[in-house]
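Take the sequence shown: its position 58, counted from the start at 1, is 197 in this note's numbering, and no numbers get skipped.
Just below is one structure, and these are the notes that go with it.
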Amino acid sequence: MASAYDDFRPLYAAIDSTPLIDNHAHPLLTPENYGTRSLLSVASEAGGAALEDSKSSLAHVRAVKQLADALGCEETWDAVVASVERKRAESRDGWVRFCLAGIESILIDDGLDASGRVETYDWHSNFTKSKCKRIVRIETVASDIIARLCASTSAPETAGGALNYFITEFSKEITIYAADPEVVGFKSIICYRRGLDIPPYKTLNVPEAEEALAEIMSAGLNDDSPVSGFSLKKRLEHSHLNILVVHCAARVIRKAHGPNKPIQFHTGLGDTDIRLTKSSPSHL
């Protein structure tokens, strides 16, 4: 007797043969930096006491159930943590290979952490069927340029000159990434810095963008870290300067030769600096 589901067999076959590609992930921490992030963060973006409270959330309860099943341990958070630590100690590569089994490729945004804290994007290719690729976070590119401006002994002396220099260098770097075959797309976190209600370029207040850049440069760099966007004392979170970064990147990407590469706009909920009323993609 024919089953009601027989007609779905071609669909099942198509699903089973479709490569699994993670279209947005962050690099794994290096062994030396395991302790810098709580394992609780696998199911929550919270921090401090709120992260501990996340143990009562549905996302955490589901994570415990799924991880316990995969690890073959008791269905409790303490048992999961102990099992993960044991797996890492037995064979870190074996544990990573187990976690990434069946994944064709990962598109990795490597702009969240400072260099050295996480593995490089191409390191992950050792554990996937096909090579992993990069997603470039445009605010990290912009912050790195500002940091180099802060450290330079020949930086432009006027606010207007500094902004023009910044725009030129930023455009050059985005052009290089747009042509790089290892880069498959870009990402913006403007949602976290001012919201997704991005006004047209013609409404940009250039003097305010100049003033914002001057404020960041005036705050300077932390002396205890290498020169990069992560060493800035004041981060890039000024409305008109963030708008300028997005518009500049979009214009360069649109004019670039070769395949058109997308910009992902992060709209994830949970971070403490997000504004819910301005995080809806409908603003775009």
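We put the CB at the ideal spot given by N, CA and C, even for glycine.
Everything numeric in this text was worked out from a predicted model, so none of it was measured.
Minimum length 4: unbroken alpha helix (DSSP H) runs contained in the region 219-254: 231-238
query: From the DSSP output, which residues share a beta bridge with Phe309?
result: In the sequence shown, the residue the question calls residue 309 occupies position 170. DSSP lists no partner for Phe309.
message: Taking DSSP's pairing of strands, which residues face Arg273 in a bridge?
response: Your numbering for residue 273 matches position 134 in the sequence shown. DSSP links Arg273 through a beta bridge to Ile247 and Val322.
field: Closest by C-alpha distance to Gly324, when choosing among Ile277, Ser230 and Leu197
entry: Along the sequence shown, one-based indexing puts residue 324 at 185. The shortest C-alpha separation from Gly324 is found at Ile277.
task: Would you kindly check if the distance between the Cβ of Val200 and the Cβ of Trp216 is under 7 angstroms?
output: If you number the sequence shown from 1, residue 216 lands on position 77. If you number the sequence shown from 1, residue 200 lands on position 61. Taking 7 angstroms as the Cβ cut-off, Trp216 and Val200 do not qualify as a contacting pair.
message: Going by DSSP, what residue range makes up the beta strand (DSSP E) through Ala164?
response: Taking the sequence shown and counting its residues from 1, the one referred to as residue 164 is at position 25. Per DSSP, Ala164 belongs to the beta strand (DSSP E) from Leu159 to Ala164.
field: Cβ-Cβ separation, Leu239 to His163 (assumed contact under 8 angstroms), whole Å
entry: The residue you call residue 163 lines up with position 24 of the sequence shown. The residue you call residue 239 lines up with position 100 of the sequence shown. Incorrect: roughly 15 angstroms between the Cβ atoms, too far for contact.
query: Does the Cβ of Ile154 have 16 or more other Cβ atoms within 10 Å, making it buried, or fewer, making it exposed?
result: Counting from one through the sequence shown, the residue named residue 154 turns up at place 15. When all chains shown are included, Ile154 counts as exposed.
- prompt: How should His396 be labelled, buried or exposed, when 16 other C-beta atoms within 10 angstroms of its C-beta is the threshold for buried?
  reply: Locating residue 396 in the sequence shown gives position 257, counting from the first residue. The residue in question, His396, is exposed, as its Cβ has fewer than 16 Cβ neighbours within 10 Å.
message: Taking the straight line between their C-alpha atoms, what separation do you get for Leu168 and Asp145?
response: Your numbering for residue 168 matches position 29 in the sequence shown. Your numbering for residue 145 matches position 6 in the sequence shown. So the alpha carbons of these two residues sit roughly 45 angstroms apart.
task: Would you decide whether Tyr340 is buried or exposed? Buried here means 16 or more other CB atoms lie within 10 Å of its CB.
output: As a working note, residue 340 is residue 201 in the sequence shown. By the neighbour-count rule (16 or more Cβ atoms within 10 Å), Tyr340 is not buried but exposed.
message: Assuming contact is defined by CB atoms lying nearer than 7 angstroms, are Glu376 and Arg332 in contact in what I supplied?
response: In the sequence shown, the residue the question calls residue 376 occupies position 237. In the sequence shown, the residue the question calls residue 332 occupies position 193. Yes, Cβ-Cβ distance for Glu376 and Arg332 is below 7 angstroms.
message: I'd like to know whether the C-beta atoms of Ser370 and Ala301 end up nearer to each other than 7 angstroms.
response: Numbered from 1 along the sequence shown, position 231 holds the residue referred to as residue 370. Numbered from 1 along the sequence shown, position 162 holds the residue referred to as residue 301. Not closer than 7 angstroms, so no.
field: Close Cβ partners of Glu350 (< 7 angstroms) along its chain, the five nearest in sequence each way excluded
entry: By one-based count along the sequence shown, residue 350 stands at place 211. Hits under 7 angstroms: Ala298.
Terminal residues of the alpha helix (DSSP H) in which Ile382 lies: As a first step, residue 382 is located in the sequence shown; it is residue number 243 there, counting from the start. Note, Ile382: alpha helix (DSSP H), Ser378 to Lys394.
field: Within 7 angstroms, strictly: CB atoms of Ala358 and Lys373
entry: Numbered from its first residue, the sequence shown carries residue 358 at position 219. Numbered from its first residue, the sequence shown carries residue 373 at position 234. Yes, Cβ-Cβ distance for Ala358 and Lys373 is below 7 angstroms.
field: Alpha carbon of His422 to alpha carbon of Ile402, nearest angstrom
entry: Numbered from its first residue, the sequence shown carries residue 422 at position 283. Numbered from its first residue, the sequence shown carries residue 402 at position 263. Roughly 15 angstroms separates the two Cα atoms.
- request: With DSSP collapsed to three states, give me the class of Val181.
  value: On the sequence shown, position 42 is the one that residue 181 refers to. Helix at Val181.
- prompt: Any idea if Ser230 is buried or exposed, counting beta-carbon neighbours within 10 angstroms, 16 or more meaning buried?
  reply: Sequence index remark: in the sequence shown, residue 230 carries index 91 (1-based). Flag for Ser230 reads exposed.
field: Proximal residues to Cys387 (C-beta, below 8 angstroms), its chain only, five neighbours per side dropped
entry: As a working mapping, residue 387 is identified with position 248 in the sequence shown. Only Ile306, Phe309, Ser310 and Ile313 meet the Cβ criterion.
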